[in-house]
Amino acid sequence: MYSINELKEKIGNQSRAERLAFIDFKVRFSGKILRSEIVEEFGISEPLATKDLSEYKQLTNDKNIVPKTHQIRLDTYQPLVEIEARKALEMHFEGFCRHKLQQKESAIYKRACDLTTELDAESIAVITRAITDNKRVRGDYISANSDYRDERILEPSTVFFDGLNWVFRAKDIKDNPAESIFKSFHFSRFERIKPTEDTSESTVNDDNEWNTLIPIQLGLHPDLDEKGKQAIRIEFGMGDTDTLVVVEKSVFAWSLLERWSVDSGTVPSEIPPEASRFKFFLKNADMLQHVNSVKRMMHEYTIKTEGYIRK
């Protein structure tokens, strides 16, 4: 396996090295490569794309793709180009970026609080190929909400980044069909995952939490002083108002409430020091209590404070 710079030195051409890296990337994470994808991505002619495919086959000793169909050979595939797992996820869903192939980091840019856990690129590839091919996968998952540790059968459908973790949505298949529901799974919590040839019976259209949009009405938290409120108005582009309405996918509600420091109580907290950490409170908490992705975060108290009774 080469770094992009090592591959460039081997073949003596940077542009061709980047095209070969693209081919390898598509084969690994999508399960196949189309000649038209190379033409469209790099604006080259079909004959040149054909030549690139031939060179890719030579470099990989015909072990990575099936002739003519250019589908992955799962039994013999070995990556040609080294790609960091997190960058691969970004490129798979946001578009190929040749600059992400470089290993060096900028001296003047760094993502704060980035998890140091290394994602497994091969496990990610199993999931992304399953989404592309509409296939089931099997794997052992460590859940934070369940003691269930047996092998799961999953039907992956979508992927998202919640601000801290890379997550995919999948239908968790049970013996009782009524218990088979869509859930969110962290890539980093799989101990083992493997592909299957079984076709998924569900699609992204069946995931209600993914397809349902909900209004989240936020108000500036009453524990904030005026200086703090004004800073948040500027930070969130609120103008002169104290209310911010966000329409978001139901499945993202948990991430928004957590990352934006939203008091998810039925009424704003007035209990120091708890209240001091919040920027917002939920103005439409009564409505959101009926939304599955939100109600499990909501809390209630039986403490009477100035103007509020919390139950």
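Heads up: take any position in the sequence shown, counting from 1, add 2, and you land on our numbering. From the three backbone atoms N, C-alpha and C, an ideal C-beta is built for every residue, glycine too. A quick note: this is a predicted structure, and the numbers were derived from the prediction, not measured.
Quiz item: Which runs of the beta strand (DSSP E), 3 residues or longer, sit entirely within the stretch 128–162?
Solution: Whole beta strand (DSSP E) segments, 3+ residues: 137–143.
Quiz item: If you compare alpha carbons, which of Leu166, Val139, Lys112, Asn66 is closest to arginine 154?
Solution: For the residues Leu166, Val139, Lys112, Asn66, the minimum Cα distance to arginine 154 belongs to Val139.
Quiz item: According to the neighbour-count rule (16 or more other Cβ atoms, all chains shown, within 10 Å of its Cβ), is aspartate 54 buried or exposed?
Solution: Result: buried.
Quiz item: Which term fits tyrosine 58, buried or exposed, when burial requires 16 or more other beta carbons within 10 angstroms of its beta carbon?
Solution: For tyrosine 58, the number of other beta carbons within 10 angstroms of its own is at least 16, and it is reported as buried.
Quiz item: Given that a residue counts as buried once 16 or more other Cβ atoms are within 10 Å of its Cβ, and exposed if not, what is glutamate 11?
Solution: Exposed is the label assigned to glutamate 11, since fewer than 16 other Cβ atoms lie within 10 Å of its Cβ.
Exercise. Would you identify the three-state DSSP class for glutamate 193, choosing helix, strand or coil?
Key: Reduced to three states, the DSSP call for glutamate 193 is strand.
Quiz item: According to DSSP, is histidine 101 helix, strand or coil?
Solution: Histidine 101: helix per DSSP, three-state reduction.
Self-check item: Residues that lysine 173 bridges to, as DSSP identifies them
Solution: DSSP lists Glu157, Phe184 as the beta-bridge partner residues of lysine 173.
Exercise. Taking 9 Å as the cut-off, decide whether the C-beta atoms of asparagine 286 and glutamine 219 are in contact.
Key: Going by C-beta atoms, asparagine 286 is nearer than 9 Å to glutamine 219.
Exercise. On a CA-only basis, which of Lys137, Leu259, Glu84 is nearest arginine 30? Give me that one, please.
Key: Residue Glu84 holds the alpha-carbon nearest to the alpha-carbon of arginine 30 among Lys137, Leu259, Glu84.
Quiz item: Measuring CB to CB, does isoleucine 40 end up less than 9 Å from alanine 51?
Solution: For isoleucine 40 and alanine 51, yes; Cβs fall inside 9 Å.
Self-check item: Top-ranked residue by Cα proximity to isoleucine 195, from Gly141, Leu290, Ala180, Val248
Solution: Here the closest residue by C-alpha is Gly141.
Self-check item: Exposure label - methionine 3; buried when at least 16 CB within 10 Å
Solution: The residue is exposed, with fewer than 16 neighbouring Cβ atoms inside 10 Å.
Practice problem: Take the Cβ of valine 68 as the centre, count every other Cβ of all protein chains shown within 10 Å, and call the residue buried at 16 or more, exposed below. | Solution: For valine 68, the number of other beta carbons within 10 angstroms of its own is below 16, and it is reported as exposed.
Exercise. Could you round the C-beta distance between isoleucine 79 and lysine 70 to whole angstroms and report it? I think they count as a contact, below 8 Å.
Key: With the sequence shown as reference, residue 79 is identified as tyrosine, and isoleucine is not the correct amino acid for it. Actually they are not in contact, since the Cβ atoms of tyrosine 79 and lysine 70 sit about 17 Å apart, beyond 8 Å.
Quiz item: Where do the ends of the alpha helix (DSSP H) carrying threonine 52 lie?
Solution: Threonine 52 -> alpha helix (DSSP H) spans 48–61.
Quiz prompt | Three-state secondary structure (DSSP) of aspartate 265 | solution = Strand, per DSSP.
Quiz item: Taking C-beta to C-beta, are serine 252 and asparagine 210 nearer than 9 Å?
Solution: Asparagine 210 is positioned such that its CB atom lies closer than 9 Å to that of serine 252.
Quiz item: If you draw a straight line from the C-alpha of serine 186 to the C-alpha of leucine 156, how long is it?
Solution: Those two C-alpha atoms are separated by around 11 Å.
Quiz prompt | Nearest to lysine 106 (by Cα), restricted to the options Gln291, Gly267, Asn7 | solution = Of the listed residues, the one whose Cα sits closest to lysine 106 is Asn7.
Quiz prompt | proline 158, buried or exposed, once every other Cβ within 10 Å from all chains shown has been counted against 16 | solution = Proline 158 comes out buried.
Practice problem: Tell me, please, whether the stretch 118–126 touches the stretch 172–186 by the rule of three or more beta-carbon pairs shorter than 8 Å. | Solution: The stretch 118–126 and the stretch 172–186 do not touch, with fewer than 3 CB-CB distances between them shorter than 8 Å.
Quiz item: Got a sec? Which residues, its chain only, sit under 7 Å from aspartate 135 by beta carbon, not counting five neighbours each side?
Solution: Excluding positions up to five away in sequence, the list reads Gly33.
Quiz item: How long is the line joining the alpha carbons of serine 263 and isoleucine 234, rounded to whole angstroms?
Solution: Rounded to whole angstroms, the gap between the alpha carbons of serine 263 and isoleucine 234 is 11 Å.
Exercise. Consult DSSP for proline 270 and reduce its assignment to one of helix, strand or coil.
Key: Three-state result, proline 270: coil.
Quiz item: With burial defined as no fewer than 16 other Cβ atoms inside 10 Å of the residue's Cβ, what is the status of serine 202: buried or exposed?
Solution: Taking a 10 Å sphere around the C-beta of serine 202, we find 16 or more other C-beta atoms and assign the residue as buried.
Self-check item: Buried versus exposed call for threonine 243 [16 or more other C-beta atoms within 10 Å across all chains shown]
Solution: By the 10 Å Cβ count, threonine 243 comes out exposed.
Self-check item: Per-residue DSSP class, three states only, for aspartate 26
Solution: Under the three-state reduction of DSSP, aspartate 26 is assigned to helix.
Practice problem: Pull up the DSSP beta-bridge partners for isoleucine 216, would you. | Solution: Partner(s): Glu250.
Quiz item: Which residue from His72, Gly165, Met299 puts its Cα closest to that of alanine 114?
Solution: Comparing Cα positions, the closest option is Gly165.
Quiz item: Among the residues of its own chain, which have a CB less than 6 Å from the CB of glutamate 308, if the five just before and after it don't count?
Solution: Low per-residue confidence applies at glutamate 308: pLDDT is 46, beneath 50, and the placement is therefore not dependable enough to give any value.
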